[in-house]
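Report on the following structure.
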Amino acid sequence: MENTMEKFITFIIISNKKEALQLWDVTFRSIQKSYNIN
59 MENTMEKFIT FIIISNKKEA LQLWDVTFRS IQKSYNIN
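Next comes the structure, spelled out in structure tokens:
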């Protein structure tokens, strides 16, 4: 049971990392547009 819980927690962390990277990508592009960085 502990092993399953560990895998589940790891899955959540990985999923959150992907979402965080997507959010960072969107934020970074917004910053680039607002500062007109080429």
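Taking our numbering, the leading residue of the sequence shown gets 59, the next gets one more, and so forth. Even glycine gets a Cβ: it sits at the ideal position worked out from N, Cα and C.
If you drop the 5 nearest sequence neighbours on each side, which residues of the same chain put their C-beta closer than 6 Å to that of residue i?
i: L79; result: none
What separation, rounded to the nearest whole angstrom, lies between the Cα atoms of residue i and residue j?
i: S73; j: I89; result: 24 Å
i: N94; j: E77; result: 25 Å
i: K91; j: L81; result: 15 Å
i: V84; j: I70; result: 21 Å
Consult DSSP for residue i and reduce its assignment to one of helix, strand or coil.
i: N74; result: helix
i: N94; result: coil
Leaving out five residues before and five after residue i in sequence, what residues of the same chain have Cβ atoms less than 8 Å from its Cβ?
i: M63; result: none
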